[in-house]
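Here the structure is laid out as structure tokens; the discussion comes afterwards.
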Amino acid sequence: MDKIVITGSSGRIGRALHWKLCGNFHVTGIDITPTSATSKIVDIRNYGQLLRSFEGVDTIFHTAALHAPHVGIASEKDFYDINVNATENICKAALESGVSQVVFTSTTALFGYANFGKDKAVWIDEQTKPEPKTIYHKTKLEAEQLLKEYANKNLEISVIRMSRCFPEPVQMMAVYRLHRGIDYRDVAEAHILATQLKKDKHFDIYIISGNTPFLKSDCRMLFENPEVVIRERQPWLAQEFDKRGWKFPKSIDRVYDSSYAQQKLNWRPERDAFDVIKQFDNDDFETLPCLQM
Numbered sequence: 164m165d166k167i168v169i170t171g172s173s174g175r176i177g178r179a180l181h182w183k184l185c186g187n188f189h190v191t192g193i194d195i196t197p198t199s200a201t202s203k204i205v206d207i208r209n210y211g212q213l214l215r216s217f218e219g220v221d222t223i224f225h226t227a228a229l230h231a232p233h234v235g236i237a238s239e240k241d242f243y244d245i246n247v248n249a250t251e252n253i254c255k256a257a258l259e260s261g262v263s264q265v266v267f268t269s270t271t272a273l274f275g276y277a278n279f280g281k282d283k284a285v286w287i288d289e290q291t292k293p294e295p296k297t298i299y300h301k302t303k304l305e306a307e308q309l310l311k312e313y314a315n316k317n318l319e320i321s322v323i324r325m326s327r328c329f330p331e332p333v334q335m336m337a338v339y340r341l342h343r344g345i346d347y348r349d350v351a352e353a354h355i356l357a358t359q360l361k362k363d364k365h366f367d368i369y370i371i372s373g374n375t376p377f378l379k380s381d382c383r384m385l386f387e388n389p390e391v392v393i394r395e396r397q398p399w400l401a402q403e404f405d406k407r408g409w410k411f412p413k414s415i416d417r418v419y420d421s422s423y424a425q426q427k428l429n430w431r432p433e434r435d436a437f438d439v440i441k442q443f444d445n446d447d448f449e450t451l452p453c454l455q456m
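Counting in my numbering, the sequence shown tops out at residue 456, every number present.
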């Protein structure tokens with residue numbers, strides 16, 4: 164992994180990848196928005212621009228996409244052009260340029276309707292069947308399916324389905340880190356480890372989420388009364404909530420299980436709920452003030 168391209172290098176995960184890699188590798192960040200992490204202004208819908216950017220490149224981290232906040236603002240055509248058609252452009256240009264591997268940034272959001280338990284929390288892993296709900300979910304899933312078709316002995320592809328990693332009110336973010344959240348730096352580390360794995364197949368998918376303290380047997384109580392489970396499994400966090408007057412969530416509807424990624428990639432999330440509170444106490448803008456619920 165000597166020469167690297169990061170698409171969407173001005174975005175959250177793209178910037179984190181650039182920061183982690185630029186000291187040891189030749190990294191080119193491409194995006195339509197200029198930042199310190201972006202070396203070239205490139206539209207991933209433009210095949211010629213991609214070909215020029217991929218010359219001599221070994222690894223591509225494809226993070227560029229339209230996301231959930233764009234739903235209702237960007238058109239369905241834009242979602243397909245950027246999330247699906249441009250991903251195919253990247254695959255074709257990668258093969259033509261001799262790129263050996265692509266790591267694709269995806270999302271646990273694409274599980275869609277499957278994310279919502281009816282009478283107990285849903286335990287979600289790589290075997291759970293996605294039930295996409297929005298155009299964002301649909302296009303990310305279609306991009307994954309397209310990538311699987313392009314994966315072969317000459318182009319190994321890894322899909323990173325990351326859970327929530329953007330700034331939110333601190334008490335929500337801390338609880339999310341137990342079952343559906345992750346730090347963006349841990350996401351970047353998982354991307355990098357996926358390139359270092361000696362693969363036994365040309366395509367694989369990994370759920371990247373915080374290390375959950377919960378058990379499958381907790382799912383019904385998590386849905387009905389998560390405070391009871393949190394007090395049992397994470398008493399220190401319950402004490403912090405009590406001390407600060409924060410309220411517990413009324414229900415937890417899902418748990419993302421990242422154990423496959425942890426085992427396969429030799430990856431482990433380093434930043435847990437404690438780190439969320441620590442960031443908040445240090446006035447880190449990665450956490451937002453407490454939401455009074």
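Note that the Cβ used here is the ideal one computed from N, Cα and C, for glycine as well.
Use the C-beta contact count for Leu378: other C-beta atoms within 10 angstroms, 16 or more gives buried, fewer gives exposed. Exposed is the call here.
Could you compute how far the alpha carbon of Arg340 sits from the alpha carbon of Asp165? The straight-line gap from Cα to Cα measures roughly 33 angstroms.
Spatial neighbours of Gly177 within its chain, please: CB distance less than 6 angstroms, with the 5 preceding and 5 following residues excluded, ordered by chain position. So the list reads Ile169, Gly171, Thr226, once near-sequence residues are dropped.
Please classify Ile370: is it buried, with 16 or more other beta-carbons within 10 angstroms of its beta-carbon, or exposed? Buried is the call here.
Does the pairing of the stretch 239-258 with the stretch 202-218 give three or more beta-carbon distances under 8 angstroms? The stretch 239-258 and the stretch 202-218 touch, with no fewer than 3 CB-CB distances between them shorter than 8 angstroms.
Opposing strand residues paired with Leu451 [DSSP bridges]: The bridge partners DSSP lists for Leu451 are Pro332.
Considering just the uninterrupted stretch of the alpha helix (DSSP H) at Glu307, what are its terminal residues? Following the DSSP letters along the chain, one finds Glu307 inside the alpha helix (DSSP H) bounded by residues 298-313.
Gln397 burial status per 10 Å Cβ neighbour count (16 or more: buried): Sixteen is the threshold: when 16 or more other Cβ atoms of the shown chains lie within 10 Å of the Cβ of Gln397, as they do, the residue is buried.
Could you name the residues that DSSP lists as bridge partners for Asp194? Answer is Ile204, bridged to Asp194.
What does a CB cutoff of less than 7 angstroms around Lys316 pick up in its chain, not counting 5 residues either side in sequence? So the qualifying residues of the chain are His365.
Whose C-beta lies closer than 7 angstroms to the C-beta of Phe411 among residues of the same chain, with five residues either side of it excluded? Result list for Phe411: Pro389, Glu390, Ile393, Phe404, in chain order.
Within a Cβ cutoff of 6 angstroms, which residues of the same chain sit near Glu294, ignoring the five residues on either side of it in sequence? Answer for Glu294: Gly275, Tyr276, Ala277, listed in chain order.
Given this structure, state the Cα-to-Cα distance separating Trp399 from Leu214, to the nearest angstrom. Between Trp399 and Leu214, the C-alpha separation is close to 52 angstroms.
Paired residues, beta bridge with Met325 - DSSP: Per DSSP, Thr270, Ile371.
Could you compute how far the alpha carbon of Ala284 sits from the alpha carbon of Glu319? Each residue's Cα considered, the two are about 34 angstroms apart.
DSSP on Trp459, reduced to helix/strand/coil? With the chain covering 164 to 456 only, the question about residue 459 has no answer from this structure.
Spatial neighbours of Val220 within its chain, please: C-beta separation below 6 angstroms, excluding the five flanking residues on both sides. For Val220, where only same-chain residues beyond five positions count, the Cβ hits under 6 angstroms are Lys166, Val168, Val262.
Using beta-carbon positions only, say whether Thr271 and Arg324 come within less than 8 angstroms of one another. Yes.
Between Arg343 and Ser326, how many whole angstroms is the CB-CB distance? I'm expecting something under 8 angstroms. The pair is a contact, with the Cβ atoms about 5 angstroms apart (cut-off 8 angstroms).
Sorted by chain position, which residues of the same chain lie with C-beta nearer than 7 angstroms to Ala257's C-beta, five sequence neighbours on each side aside? Around Ala257: Phe217, Ile223, Val265, Leu318.
Starting from Ile440, follow the alpha helix (DSSP H) in both directions and report where the run begins and ends. Where Ile440 is concerned, the enclosing alpha helix (DSSP H) stretches over 436-444.
Contact criterion: CB-CB distance below 8 angstroms. Does Glu289 meet it with respect to chain C? Protein chain content of the structure displayed is limited to a single chain, and chain C is not contained in it.
Which residue's Cα is closest to the Cα of Lys240: Ala314, Lys301, Gly186, Gly280? With distances taken between Cα atoms, Lys240 lies closest to Lys301.
Just to confirm, is the Cβ distance from Val333 to Thr201 under 8 angstroms? Cβ distance not < 8 angstroms, so Val333 and Thr201 don't count as in contact.
For Glu239, which of helix, strand or coil comes out of DSSP? In the structure shown, Glu239 falls within a helical segment according to DSSP collapsed to helix, strand and coil.
Within this structure, are the beta carbons of Asn429 and Leu356 separated by less than 8 angstroms? Taking 8 angstroms as the cut-off, the Cβ atoms of Asn429 and Leu356 count as close.
Could you please give the first and the last residue of the uninterrupted beta strand (DSSP E) stretch that includes His225? Bounds of the beta strand (DSSP E) holding His225 are 222-225.
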